[in-house]
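Asker: Okay, handing you the structure first.
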Amino acid sequence: MSEYKGAIVTGSSRGIGAVTAQELAAQGLGVVINYRAKAPRANKIVAAIEDKGGKAVAIGADLTATEGPQALVDAAVENFGTLDVLVLNASGGMETSMGENYALRLNRDAQVAMLEAALPAMSAGGRVVFVTSHQAHFIKQVSTMEAYDQVAQSKRAGEDALREFIPKLAEKNINFVVVSGDMIEGTITATLLNRMEPGAIDARREAAGKLYSVEEFGAEVAKMVFADVETGHTELVGGAGDFLKQAEQ
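Just so it is clear: in the sequence shown, position 209 is 209 by UniProt numbering, and no numbers are missing.
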């Protein structure tokens, strides 16, 4: 079992976040399940965790709203007594109904706001994990499909902004890790991209050799909560061979 007690996983009512949250709960952490609008889905994840003897609470919070991040921090402290782990999984930007600059507001500004809210409450020795994609992590060296470019640019901006916190995190002995994956089979982003650019998933599968499922990638994210790595480490899930090769050219 983990020495950590309380965790927040943003965007955890479905997909990668939900898998990550359940994996952490299985390791003995109490987990704040974060959702933006759909409480029943989040409550189902809480029930699944509790059915296995774990601890979780569902909290509705829009991370782009001023009060959103603090609500999650308060929930972790009130329910589990401590906040040790922050998994920054929530992302988006391909939605057409969320207003101007939504990708940047969610993928950069909200990530920073969440970390700023969490940091004063986080325990020494804790960990922050930022979940991203190879398409975003390598966007400065390797171009991506046009439909995803804005999201990729905003996620890379978020990663860069979070990395600037590493010295401040080090003062509390809090470790910062980035987990990057390729397109993930079955995610909303992959589905939307394939709809906008038919064949995109097949092309990425061929280039990568394998695309991870939601369950497989969520398990990898959870592993990096406990992995013995240096702060600032980037875990390239699946190896990212073709991205590394293009980045070197």
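We put the beta carbon where it would ideally sit given N, CA and C, even for glycine.
Small disclaimer: the values here were computed from a predicted structure and weren't measured.
1) In the stretch 49-77, which residue ranges form an unbroken beta strand (DSSP E) of at least 3 residues, counting only runs that do not cross its ends?
2) Should R195 be labelled buried (16 or more other beta-carbon atoms within 10 Å of its own) or exposed?
3) Under the rule that 16 or more other beta-carbon atoms within 10 Å means buried, what is D51, buried or exposed?
4) Just reading off the beta strand (DSSP E) that N4 is part of, what are its end residues?
5) Closest to G238 by CA distance: which of F80, A247, A222, Y212 is it?
6) Using DSSP with H/G/I as helix, E/B as strand and the rest coil, what is D149?
7) Could you check where the beta strand (DSSP E) with T234 kicks off and where it finishes?
8) How would you label D202, buried or exposed, when you count the other beta carbons within 10 angstroms and need 16 or more for buried?
9) Looking only at C-alpha atoms, which of F217, A113, F165, I8 sits nearest to I33?
10) In chain order, what residues of the same chain have a beta carbon less than 6 Å from the beta carbon of S12, not counting five sequence neighbours either side?
11) What residue from D62, I16, A61, V77 has the CA that sits closest to G6's CA?
12) So what does V32 bridge to, in DSSP terms?
Answerer: Considering the structure as presented:
1) Every beta strand (DSSP E) of 3 residues or more that sits fully in the stretch 49-77 is shown, in chain order, as 55-60.
2) To locate residue 195, count along the sequence shown from 1; it is residue 195. R195 should be labelled exposed.
3) As a working note, residue 51 is residue 51 in the sequence shown. D51 should be labelled exposed.
4) To locate residue 4, count along the sequence shown from 1; it is residue 4. The sequence given here has Tyr at residue 4, not Asn. Element bounds for Y4: n/a, residue is neither H nor E.
5) Here residue 238 refers to the residue found at position 238 when the sequence shown is read from its first residue. It is Y212.
6) Reading the sequence shown from its first residue, position 149 is the one you call residue 149. It is helical.
7) By one-based count along the sequence shown, residue 234 stands at place 234. Segment 233-236, the beta strand (DSSP E) holding T234.
8) Numbered from 1 along the sequence shown, position 202 holds the residue referred to as residue 202. The residue in question, D202, is exposed, as its Cβ has fewer than 16 Cβ neighbours within 10 Å.
9) To locate residue 33, count along the sequence shown from 1; it is residue 33. Nearest of F217, A113, F165, I8 to I33, Cα basis: I8.
10) Counting from one through the sequence shown, the residue named residue 12 turns up at place 12. For S12, where only same-chain residues beyond five positions count, the Cβ hits under 6 Å are A18, A21, I33, N34.
11) By 1-based counting over the sequence shown, the position of residue 6 is 6. The shortest C-alpha separation from G6 is found at V77.
12) Working through the sequence shown from its first residue, we reach residue 32 at position 32. Per DSSP, I8, V57.
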